[in-house]
Every structure is written in structure tokens, then in C-alpha cells.
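Chemist: Take 3 as the starting number for the sequence shown in the working numbering and just add one per residue. Encoded as C-alpha cells, here's the structure I'll be asking about.
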Amino acid sequence: MPRMLDVSDDVRAEIGDEEADRLLGGDNAPGSYDCTSCRAPGNSERDRTSTVLFVGEETAVLAFAHASCIPSQVVPVSEEQLQGAVRSITGEDGSLQAPPPPVGAAPDGPVQAELGVTSGLVLINGDLHPALVVEPLAPIARPGTTGPVDVFLPLLIEQGFTPVAAIDQVPPPTPGWSVLLAVGRLHAILQPVTGGGTPSAWWQAHQAVEVAPDWRAAANKTQRVLVFAAPVGTIGQQPREDLLREALDRAAERGQLVAASMPLAGT
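Pasting the structure below:
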């Protein structure tokens, strides 16, 4: 029986016309599935369904999602993440594992530092936006330099992040950057690679991070995430979203906040 499947041009290009036609005809598509975004049951015979192709270095996995949750797309992931996704999809493991450690690479060189990442909803002009707040655990220096100067914000500004004086508008996008969710969990912030190619992880979780249902719903609706960044010791670990917003406002007033809008890569 034909399935109510959406197969994007990108997915079709990866799997080939013959396989795509077989899916649409119902030969290789499952009737029922667990949505790779919201994890709720779906049925491709009754529900509009998106095909989502997770592509690693050597292998690929085709998953399915409600079309109302996410569009059909190709999601690049590391081979380790892909193997974790296979275990999760086949029920061998309840979580999708990401390779350690959580490392942020300075965009213009090999300097690395651990980054703390917090998720929350940020209110801007009456609308709630899914956001990530990034703060290094130590000062960031340029490659080959020493001393107390923290260049975390200047490095990000060079990559297209915008200084924030007040959180009163959505920041502009940064080309090539994206936020990776897979199977409804936060995995990484991806940055472009010089010369093209698959984006690399600027920050990557020790283990895939469960995000709040409201956050995931907002991200799936807007298909973008606001990423705020501040120097070490500026924001701290805030137990509530209202306190996180107060810390962001203080950082903005002191000129210690940059931000960017990034598309959602994955589910």
C-alpha cells in the first residue's frame, strides 16, 4: 500500500531514485513507527510522515518522523552518534550516546576548552524562542599566545556572532553554523569547515542531552535556535529560566554577551 511519506530532494539524492520510489510505494517503509522527534507513535499509512536520513562517516540510518514535527532532511552525525542512534532505534539502548569529551574548539585555531551549555526559552517581543547559553569553564586565548586576555567573544564575533546590548530582538544568523538534535536530544553545536565539507562539532555533549518538551516543541516549530555566549564566570549555572534571563540581561548591559541564530539540524 502506498505510504504518506515525504522524501526531500536531499534524502532522495542520498538514497537514490529507486529506493525513494520503493519507499513511496510502501515496499520498504514501515507502517507504524516511533517519531524520531517527539517519540510518539506514528503510522505512515495514515499520517503524513517525513523520512530523516542520519549520515555518518561510513554508514547511514533512515528514520521516520511526523511531518508536523520536522521536515524530511539529511542529518550529518559522527559515526559514534550513528551507532548510538541504531541502538536507540532498535531498542538495544535507551539513549543516543555521543563521543566524549565536551570540547569547544576555537573557531580560528586548535585551541580547545570545555564549554558549559544551558538550554532555556527566551522571551523576545512577546514570543518564546528556544535558546542555548554557552560559557567556557576557563578563559580562552588565541593559539600561540599566553596571558590573561580572554578572547572568547572576539573569536565568536569574527565568526559572525553579534554583540548584544539588549535582548530585544532575534539575533541574525551565522552562515554554516547549526544546532544538532537527534532523536529528540541535544548533541552538538556545529561550525563550518574551512574549504567546505561536513560541519564539525564546536561543542559536543558527553552524552546526548535531554531537553524539555516545551524547548523541543519550540525548536521544531521555529526550526532555529538562538545561541548566546558569554565569557567565563558571567552567567553561571542558573536553576530557573527567569534567573537565567536576568543573568543574560546583566551580561548584555555590561557588553559581555554575543548571540547568533542557528538553524536546527536534525530532529
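All C-beta atoms in this analysis are idealised placements derived from N, C-alpha and C, irrespective of residue type, glycine included. Here the structure is a predicted model, which means the values were calculated and not measured.
Excluding sequence positions up to five away, which residues of its chain have a Cβ less than 8 Å from the Cβ of D49?
Modeler: Setting aside the 5 residues that flank it on each side, D49 is surrounded in the same chain by M6, H68 and A69, each with a C-beta closer than 8 Å to its C-beta; the list follows chain order.
Chemist: Count the other C-beta atoms from every protein chain shown that fall within 10 angstroms of the C-beta of V119, then say buried if there are 16 or more, exposed otherwise.
Modeler: buried
Chemist: Could you check which residue in V153, L55 and E59 has the C-alpha nearest to that of Q75?
Modeler: L55
Chemist: Find the nearest neighbour of A62 within the set V77, G238 and I72, judged by alpha-carbon distance.
Modeler: V77
Chemist: Between V9, G18 and N127, which lies nearest to L26 when the distance is taken from Cα to Cα?
Modeler: V9
Chemist: Helix, strand or coil for G44? Go by DSSP, reduced to three states.
Modeler: Under the three-state reduction of DSSP, G44 is assigned to strand.
Chemist: Please report how far the alpha carbon of P192 lies from the alpha carbon of P32, in whole angstroms.
Modeler: The sequence shown places Leu at residue 192, not Pro. Taking the straight line joining both Cα atoms gives about 31 Å.
Chemist: DSSP three-state label for G27, please.
Modeler: When secondary structure is reduced to three states using DSSP, G27 falls in the helix class.
Chemist: Is the beta carbon of L259 sitting closer than 7 Å to the one on G122?
Modeler: no
Chemist: If I measure Cβ to Cβ from A167 and keep anything under 8 Å in the same chain, skipping five residues before and after, which residues do I get?
Modeler: A254, E255 and G257
Chemist: Is A267 near S180, with beta carbons less than 7 Å apart?
Modeler: yes
Chemist: Run through DSSP, which three-state label would L59 get?
Modeler: One detail in the question is off: residue 59 reads as Glu in this sequence, not Leu. DSSP places E59 in coil when its eight states are reduced to three.
Chemist: Name the residue from L155, A190, E248 and P173 whose alpha carbon lies nearest to the alpha carbon of V213.
Modeler: A190
Chemist: Tell me the rounded alpha-carbon separation between A184 and N222.
Modeler: 12 Å
Chemist: DSSP state of P73, grouped into three classes?
Modeler: coil
Chemist: May I ask you to report which of helix, strand or coil DSSP gives L250?
Modeler: helix
Chemist: Identify the continuous beta strand (DSSP E) that holds I191 and give its terminal residues.
Modeler: R187 to Q193
Chemist: Out of G162, G186 and V57, point me to the one whose CA is closest to P175's CA.
Modeler: Selection G162, G186 and V57 evaluated against P175 yields G162 as nearest (Cα-Cα).
Chemist: Going by DSSP in three states, D170 sits in which element: helix, strand or coil?
Modeler: The answer is coil: DSSP assigns D170 none of H, G, I, E or B.
Chemist: Quick one: residues in its chain with C-beta nearer than 6 Å to the C-beta of G178, no 5 flanking neighbours on either side, listed in chain order?
Modeler: Excluding positions up to five away in sequence, the list reads P194.
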